[in-house]
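Numbering (the numbering used here), first residue to last: 13 to 321. Positions of the beta carbon are idealized from the N, C-alpha and C atoms, including for glycine. This report concerns only the one structure given below.
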Amino acid sequence: MSTHPIFIYFHMAAIGRYQEVLKDMYSLLHLSGLLDRVVECRCFITGPLENKDWILSYFTHPKCKIMAHQENSFSYERFTLDVLHQHAQESQEPFQVLYIHSKGVSKKQPRDIVVSDVWRKLMMHTLVTHYSSCLHHLETHETVGSMFVTIPSPHYSGNFWWANSSYIRTLPKIRDPMIYYIDTELWIGLSLQNAVSLYQRDGKRTTESDILSIRPESIPLLKPTLYKAVHQYSGTETIHPVHTASKILLHLGYDAFELRNHGLCFDLCESHVVRVIYDDPPVVFSMTGQDLKKLFPTLFYRHYHPLIL
13 MSTHPIFIYF HMAAIGRYQE VLKDMYSLLH LSGLLDRVVE CRCFITGPLE
63 NKDWILSYFT HPKCKIMAHQ ENSFSYERFT LDVLHQHAQE SQEPFQVLYI
113 HSKGVSKKQP RDIVVSDVWR KLMMHTLVTH YSSCLHHLET HETVGSMFVT
163 IPSPHYSGNF WWANSSYIRT LPKIRDPMIY YIDTELWIGL SLQNAVSLYQ
213 RDGKRTTESD ILSIRPESIP LLKPTLYKAV HQYSGTETIH PVHTASKILL
263 HLGYDAFELR NHGLCFDLCE SHVVRVIYDD PPVVFSMTGQ DLKKLFPTLF
313 YRHYHPLIL
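Now the structure itself:
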């Protein structure tokens, strides 16, 4: 059993269905015994001030501490992860950390709610109910999570994970999520050499149908899937298709918040033509690699993966 201090970093978006989601997550954190085990559960809240008051009244366990609140939510999960990164840089003592967030609070459509709730319950089941196993694996690995994927780069699909502070210290700062939205999810894999996944579908991108077929309450703790040297980054900046497409749309005057709310679908073709479809309002256009170079001369891309935000 680990002798290192243990922390939870909990990003709470106090919007939409936040009360329902946070009640469910708090209940499992409490019942699992994990809250009693940690030094602190450090909570970071984004959203209206009055919603913060509800969280203060509900998260009454003495280990729960509200660290910061901001009404503007446009920094997304970076608001919390930046503080965790700083903690790892400055701490003289190694620690272990669970990172979780209020996944699904903004969903409105019934099917979307089901998908996000099942997904969140799966991650909480593997990482909170079985937290002792996670701590055991952290003795020999950098990170522990579930549904590890390599598209567009290595990360845990859903962005719930355990990590050692020694690994967090090696990661770069997260870029502006207003432009690079998925960087907060890809961040944990940027230096990864030695990872564990406690629940795995097939190692590929997790789809909606995969999530809907999962029943978290009955999932056995699977034999861990180990990943070694899963990705190497060169010193040259790599821009994934999501970054490039987002920057193009921003260049055309679309608001970054709209990109996330309405949905952005794009692909990067082998011919180096970017095709972007923006759903509301519909926009379709293509750009050659030369056109992109003119717009963004300092950036380049090397990935070819269809993505859907």
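Check	Outcome
H284 to M79, Cα distance in whole Å?	Residue placement at H284 is poorly supported in this model, since its pLDDT is 34, which falls under 50; the coordinates still yield a value, given next. Spanning the two alpha carbons is a distance of roughly 45 Å.
Between which residues of its own chain and L93 is the CB-CB distance below 8 Å, once the five residues before and five after are set aside?	Y21, H23, Y111, I186, T196 and W199
Going by CA-CA distance only, name the one from W173, R123, S145 and T138 that's closest to L224.	R123
Is the beta carbon of E151 closer than 7 Å to that of Y10?	Shown here, the chain extends from 13 to 321; a query on residue 10 therefore has no answer.
Within a Cβ cutoff of 7 Å, which residues of the same chain sit near V117, ignoring the five residues on either side of it in sequence?	A25, I27, G28, R29, Y30 and V33
For the beta strand (DSSP E) that contains K75, what are its first and last residues?	Counting along the chain, K75 falls outside any beta strand (DSSP E), and DSSP gives it neither H nor E.
Per DSSP, which residues does N176 bridge with? Please list them.	Q108
Which same chain residues end up closer than 8 Å to R49 when comparing Cβ atoms and leaving out the 5 residues on each side of it in sequence?	I18 and Y143
Under DSSP, the alpha helix (DSSP H) around Y30 begins and ends at which residues?	Y30 to L43
How far does the beta strand (DSSP E) with F56 in it extend, from its first residue to its last?	E52 to T58
At the level of alpha carbons, what is the spacing between F91 and L238?	30 Å
DSSP state of F91, grouped into three classes?	helix
Is DSSP giving F22 helix, strand or coil here?	strand
Excluding five sequence neighbours on each side, which residues of the same chain lie with their C-beta closer than 8 Å to the C-beta of S44?	V140, T141 and Y143
For R132, which residues from the same chain have a beta carbon less than 6 Å from its beta carbon, with the 5 sequence-adjacent residues on both sides left out?	K115 and G116
Give every residue of the same chain whose Cβ lies closer than 7 Å to the Cβ of M135, excluding the five residues on either side of it in the sequence, and list them in chain order.	S158, G170 and F172
Do the CB positions of S109 and A207 come within less than 7 Å of each other?	The sequence shown places Val at residue 109, not Ser. No, the Cβ-Cβ distance between V109 and A207 is not below 7 Å.
By a C-beta neighbour count over all protein chains shown, 10 Å radius and 16 as the cutoff for buried, is D129 buried or exposed?	buried
I'd like to check one pair, E89 with K75: are the Cβ atoms closer than 7 Å?	no
Let me check understanding here. Comparing Cα to Cα, which of P60, E83, V127 and K120 lies closest to E220?	V127
Tell me which same chain residues have a C-beta within less than 8 Å of the C-beta of E83, skipping the five on either side of it?	T58, G59, P60 and L61
Leaving out the 5 sequence neighbours to the left and right, which residues in its chain are closer than 7 Å to P294 when beta-carbon positions are compared?	Bear in mind that the predicted position of P294 carries a pLDDT of just 37, short of 50, making it too unreliable to give a figure here.
My guess is that A100 and R181 are in contact by the Cβ rule of under 8 Å, so how many angstroms apart are they, rounded?	5 Å
When you compare each of L46, L204 and K35 to S69 by their alpha carbons, which one comes out closest?	K35
Under a Cβ-count criterion, where at least 16 other Cβ atoms within 10 Å of its own Cβ denotes burial, should P166 be classed as buried or exposed?	buried
Are there 16 or more other CB atoms within 10 angstroms of the CB of S39, so buried, or fewer, so exposed?	exposed
What's the call for T15, buried or exposed, on a 16-neighbour Cβ count within 10 Å?	exposed
Judging by CA-CA distance, which residue of L183, R54 and H113 is the nearest neighbour of Q205?	L183
Among S203, P236, G201 and I194, which has the Cα closest to the Cα of Y211?	P236
Note down the Cα distance separating T72 from H113, rounded to an integer number of angstroms.	18 Å
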